[in-house]
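Participant: Chains as they are written, first to last, in our numbering: chain A, 1 to 570; chain B, 1001 to 1127.
Here it is: the structure, laid out below.
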């Protein structure tokens, strides 16, 4: 039996004993006090009558004096018992309500409900530690894909916020310190349905502890952690198969790609977007002189990448005593025109506002825009609440710390085919990528495309699997519309992976084989149509041959018989 | 000395003694079995059950179980007595009395188990 039940019982001991005693004394009194029956004879209540009377009297139902009118003695006793029983009930009900509303008891009850819910989860889920900007973005993206999450956070308000969301697959949440092994275990880190643990707390130390606990409690479990310093990232990566994500390095990598190969950057950005994210405009940063304001962790990561890309960088930082500041750096905040002019903003190609203060960052970029309207502007956004103002300001690139990590983790959690495809695509030339970009624009509207994997396997696509066993299925069959095969669904097969090797943008007449894996790219609703074809024999048969196949056994028999007859006649 | 232990022991032993007091006598003779004694045994047994609530040990669980068995038997005996003397057309016959007393006999066994457990627990605690 759950411990919560015992606790309730223990807290209710005294009220229950009080009630039993009041009832016992009242009943005993009525049995002993003599009364009169309708003939005026002395009559004593039996226990049966006394219990009946006390029951309806104590619950204030009050049927009256049954079975005979009471004697004065009985009435006197009734007066006492009325007050005693009413007080007894008020006390007991009050005590019960008090226990039920006790904050400690409420927390215990919530914890208990959470544990049960986690134990009853029978679908693959992710365990997410920390529900800040990153956590909430990630939970929503996973929920859009139908994957439930279990969330732990220290802050009760955030958990309440989580429980009030109306996602399709409801996330579970608990207030707790995720770096404690007990809490992690309760949240299902050892559950066979847990696909991975994602450590997103504000503290690197806590993330490290979560990684360690996960490694010990469930070694094969996948772990992704946020790490804001290179040392901590190396530490987390040093054991197990962990993946640590540093938001600054990740963003710097993207900026370097955007500088070196803008089309490749756009392709990678579109294909690793979150669900329902709007398609971003392609950016073309120039390779002239760049001004970098703020030389903290973010500034340093960008400085290294820009240097690596062969770009001359002029650093502005407020701290004169900064030891690792490159030579020739300007000392100042960068928010005033003088400093920016001294750094050469008027002739520069790009400017990066990378201080940890949103006000300063906005001010730097606004001033820089006044001085040189053609600048390529990169902004660092620290607070999520300022998102609106950053969006309106129209900077070419905005680094939102939470979003960078959420996007990266989401991309890592999805099918590994996306990574395979991007690795291959990055080696292609610019013309190839541009052609692919225009094809993608053709199949999507204003949201990023959905990428999913079509697996030719018995479990995932039974109809397709059986058809492939017989042979004769080509990729083009899947691309026909299930309602009218003359029409085509607007989807692009990006990659076909099979044992012999991968085919980049496979041709439509490619014959499909068992165990093939195809990465499809299309708008969201198209996935349902293609799944239908993969799972339904009749639909797939129609797509392949154009014949409407009857589903029922009788009709199939009749058709076979008629075919046999017409064959015999011929 | 622990007052909680005194109260606990008191109610468990009292439940047994009252139950025994009701049980002794000719099994079919209503004069040998008084309704007050059954009432007292039932009330004390209920209080003893409530006192056993919330103990999460294995022994605590067995205590509660024996007590619930005693309650059940005594409640059935009391209901049957009420039925026999007020509802049944035959009234309180000796056959009905036999049923009532044998029900309380079952409760007696449960109460004995309870006391044996209490003694066993007391012996293991050398304080």
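Ideal placement from N, C-alpha and C gives every residue a C-beta, glycine not left out.
So residue 379 (chain A) and residue 355 (chain A) are supposed to be a Cβ contact under 8 Å. How far apart are they, rounded?
Facilitator: To locate residue 379 (chain A), count along the first chain from 1; it is residue 379. To locate residue 355 (chain A), count along the first chain from 1; it is residue 355. Actually they do not touch by this definition, with Cβ atoms about 10 Å apart.
Participant: Span of the beta strand (DSSP E) holding residue 399 (chain A)?
Facilitator: For the purposes of this step, residue 399 (chain A) is taken as residue 399 along the first chain, with counting starting at 1. Segment 397-400, the beta strand (DSSP E) holding residue 399 (chain A).
Participant: Determine the DSSP secondary structure at residue 278 (chain A), reduced to helix, strand or coil.
Facilitator: Position 278 of the first chain, counted from the first residue, corresponds to residue 278 (chain A). Residue 278 (chain A): strand per DSSP, three-state reduction.
Participant: Suppose you measure from the CA of residue 439 (chain A) to the CA of residue 492 (chain A); what does that come to, to the nearest Å?
Facilitator: On the first chain, position 439 is the one that residue 439 (chain A) refers to. On the first chain, position 492 is the one that residue 492 (chain A) refers to. The alpha-carbon atoms of residue 439 (chain A) and residue 492 (chain A) are separated by roughly 8 Å.
Participant: Please determine, among A:292, A:325, A:410, A:184, the residue with the shortest C-alpha to C-alpha distance to residue 573 (chain A).
Facilitator: Nothing about residue 573 (chain A) can be read from this structure; chain A reaches only from 1 to 570.
Participant: For residue 483 (chain A) and residue 540 (chain A), what's the separation of their Cα atoms in angstroms?
Facilitator: Here the question's residue 483 (chain A) lines up with position 483 in the first chain. Here the question's residue 540 (chain A) lines up with position 540 in the first chain. Between residue 483 (chain A) and residue 540 (chain A), the C-alpha separation is close to 11 Å.
Participant: Would you check if the distance between the CB atom of residue 148 (chain A) and the CB atom of residue 121 (chain A) is smaller than 8 Å?
Facilitator: For the purposes of this step, residue 148 (chain A) is identified with residue 148 of the first chain, where counting begins at 1. For the purposes of this step, residue 121 (chain A) is identified with residue 121 of the first chain, where counting begins at 1. Yes.
Participant: Is residue 1 (chain A) buried or exposed, if buried means 16 or more other CB atoms sit within 10 Å of its CB?
Facilitator: Counting from 1 along the first chain, the entry for residue 1 (chain A) is found at position 1. With a pLDDT of 42 at residue 1 (chain A), under the threshold of 50, the modelled position of this residue cannot be trusted; read the value that follows with caution. Residue 1 (chain A) should be labelled exposed.
Participant: Count the CB pairs spanning the segment 396-412 of chain A and the segment 281-301 of chain A that are closer than 8 Å, and state whether there are at least three.
Facilitator: As far as the Cβ criterion goes, the segment 396-412 of chain A touches the segment 281-301 of chain A, which means the pair count is three or higher.
Participant: To the nearest angstrom, how far is it from the Cα of residue 413 (chain A) to the Cα of residue 247 (chain A)?
Facilitator: One-based indexing of the first chain puts residue 413 (chain A) at position 413. One-based indexing of the first chain puts residue 247 (chain A) at position 247. The straight-line gap from Cα to Cα measures roughly 17 Å.
Participant: How many Å lie between residue 136 (chain A) and residue 210 (chain A) at the Cα?
Facilitator: The residue given as residue 136 (chain A) occupies position 136 in the first chain. The residue given as residue 210 (chain A) occupies position 210 in the first chain. Near 19 Å, if we compare the C-alpha coordinates of residue 210 (chain A) and residue 136 (chain A).
Participant: Given a threshold of 16 other Cβ atoms within 10 Å of its Cβ, counted over all protein chains shown, does residue 270 (chain A) qualify as buried or as exposed?
Facilitator: For the purposes of this step, residue 270 (chain A) is identified with residue 270 of the first chain, where counting begins at 1. Under this definition residue 270 (chain A) is a buried residue.
Participant: Using a Cβ-Cβ cut-off of less than 8 Å, give me the residues of the segment 1080-1091 of chain B that come near chain A, in sequence order.
Facilitator: Against chain A - using a Cβ distance shorter than 8 Å - the residues of the segment 1080-1091 of chain B are 1081, 1082, 1085, 1086.
Participant: Who pairs with residue 576 (chain A) in a beta bridge, going by DSSP?
Facilitator: In the structure as shown, chain A begins at 1 and stops at 570. Residue 576 (chain A) is therefore absent and cannot be evaluated.
Participant: To the nearest whole angstrom, what separates the beta carbons of residue 255 (chain A) and residue 305 (chain A), a pair I think is in contact under 8 Å?
Facilitator: What you label residue 255 (chain A) is simply residue 255 of the first chain in a count that begins at 1. What you label residue 305 (chain A) is simply residue 305 of the first chain in a count that begins at 1. About 6 Å separates the two Cβ atoms, so the contact holds.
Participant: What whole-angstrom Cβ distance do residue 161 (chain A) and residue 175 (chain A) have, given they're in contact under 8 Å?
Facilitator: Working through the first chain from its first residue, we reach residue 161 (chain A) at position 161. Working through the first chain from its first residue, we reach residue 175 (chain A) at position 175. Actually they do not touch by this definition, with Cβ atoms about 12 Å apart.
Participant: Measure the C-alpha to C-alpha separation of residue 535 (chain A) and residue 139 (chain A) and round it to an integer number of angstroms.
Facilitator: Here residue 535 (chain A) refers to the residue found at position 535 when the first chain is read from its first residue. Here residue 139 (chain A) refers to the residue found at position 139 when the first chain is read from its first residue. Whole-angstrom Cα-Cα distance: 29 Å.
Participant: At a Cβ threshold of 8 Å, is residue 1046 (chain B) touching chain A?
Facilitator: Looking up residue 1046 (chain B) in the second chain gives position 46. Yes - at least one Cβ of chain A is within 8 Å of the one on residue 1046 (chain B).
Participant: According to a CB-to-CB cut-off of less than 7 Å, which residues of the segment 33-62 of chain A neighbour chain B?
Facilitator: Listed by position, the residues of the segment 33-62 of chain A near chain B (Cβ gap below 7 Å) are 46, 47, 48.
Participant: Pick out whichever of A:30, A:327, A:16 has its Cα sitting closest to the Cα of residue 312 (chain A).
Facilitator: As a first step, residue 312 (chain A) must be located in the first chain, where it is residue number 312. Nearest C-alpha to residue 312 (chain A): A:327.
Participant: Taking C-alpha atoms, which residue in A:367, A:348, A:353 lies nearest to residue 338 (chain A)?
Facilitator: Counting from 1 along the first chain, the entry for residue 338 (chain A) is found at position 338. Out of A:367, A:348, A:353, A:367 has the C-alpha closest to the C-alpha of residue 338 (chain A).
Participant: Counting only beta-carbon atoms, is residue 1003 (chain B) nearer than 8 Å to chain A?
Facilitator: Residue numbering aside, residue 1003 (chain B) sits at position 3 when the second chain is read from its first letter. Not one chain A Cβ lies under 8 Å of residue 1003 (chain B).
Participant: Give the range of the alpha helix (DSSP H) segment to which residue 389 (chain A) is assigned.
Facilitator: Locating residue 389 (chain A) in the first chain gives position 389, counting from the first residue. From DSSP, the alpha helix (DSSP H) with residue 389 (chain A) extends over 387-393.
Participant: By how many angstroms is the C-alpha of residue 329 (chain A) removed from the C-alpha of residue 420 (chain A)?
Facilitator: Working through the first chain from its first residue, we reach residue 420 (chain A) at position 420. Working through the first chain from its first residue, we reach residue 329 (chain A) at position 329. Whole-angstrom Cα-Cα distance: 41 Å.
Participant: What first and last residue would you give for the beta strand (DSSP E) that runs through residue 245 (chain A)?
Facilitator: To locate residue 245 (chain A), count along the first chain from 1; it is residue 245. Taken as a continuous stretch (DSSP letters only), the beta strand (DSSP E) holding residue 245 (chain A) covers 243-245.
Participant: Residues of the segment 1018-1045 of chain B in Cβ contact with chain A at a cutoff of 7 Å, in chain order, please.
Facilitator: So the close ones are 1035, 1039, 1043.
Participant: So is residue 196 (chain A) buried or exposed if we call it buried at 16+ other beta carbons inside 10 Å?
Facilitator: As a working mapping, residue 196 (chain A) is identified with position 196 in the first chain. Residue 196 (chain A) comes out buried.
Participant: Could you tell me whether the Cβ atoms of residue 1053 (chain B) and residue 217 (chain A) are closer together than 8 Å?
Facilitator: Along the second chain, read from residue 1 onward, the residue named residue 1053 (chain B) stands at position 53. Along the first chain, read from residue 1 onward, the residue named residue 217 (chain A) stands at position 217. No.
Participant: Decide if the segment 21-29 of chain A is in contact with the segment 99-117 of chain A; the criterion is three or more beta carbon pairs, one per stretch, under 8 Å apart.
Facilitator: No: the two stretches stay apart, fewer than three of their Cβ pairs being nearer than 8 Å.
Participant: Going residue by residue through the segment 78-149 of chain A, where are the continuous beta strand (DSSP E) segments of at least 3 residues, counting only ones entirely within it?
Facilitator: Entirely contained in the segment 78-149 of chain A, the beta strand (DSSP E) runs reaching 3 residues are, in chain order, 125-129.
Participant: With distances taken between CB atoms, is the gap from residue 579 (chain A) to residue 520 (chain A) smaller than 8 Å?
Facilitator: In the structure as shown, chain A starts at 1 and stops at 570, and residue 579 (chain A) therefore has no counterpart that could be examined.
Participant: List the residues of chain A whose Cβ lies closer than 9 Å to the Cβ of residue 1051 (chain B), in chain order.
Facilitator: Indexing the second chain from 1 puts residue 1051 (chain B) at position 51. Those are 13, 17, listed as they occur along chain A.
Participant: In the DSSP assignment, find the unbroken beta strand (DSSP E) run with residue 41 (chain A) in it and report its ends.
Facilitator: Start at 1 with the first residue of the first chain, and residue 41 (chain A) comes out as number 41. Taken as a continuous stretch (DSSP letters only), residue 41 (chain A) belongs to no beta strand (DSSP E), as it is neither H nor E.
Participant: Three or more beta-carbon pairs under 8 Å between the segment 426-433 of chain A and the segment 260-280 of chain A, yes or no?
Facilitator: With a cut-off of 8 Å, the segment 260-280 of chain A and the segment 426-433 of chain A count as touching, because enough Cβ pairs lie within range.
Participant: What are the residues in the segment 177-206 of chain A lying within 7 Å of chain B by C-beta distance?
Facilitator: The residues in question: there are none.
Participant: Check the Cβ of residue 1105 (chain B) against every Cβ in chain A and list those closer than 8 Å, keeping chain order.
Facilitator: Position 105 of the second chain, counting from 1, holds the residue named residue 1105 (chain B). The premise fails here: residue 1105 (chain B) is roughly 20 Å from chain A at the closest Cβ pair, so nothing lies under 8 Å.
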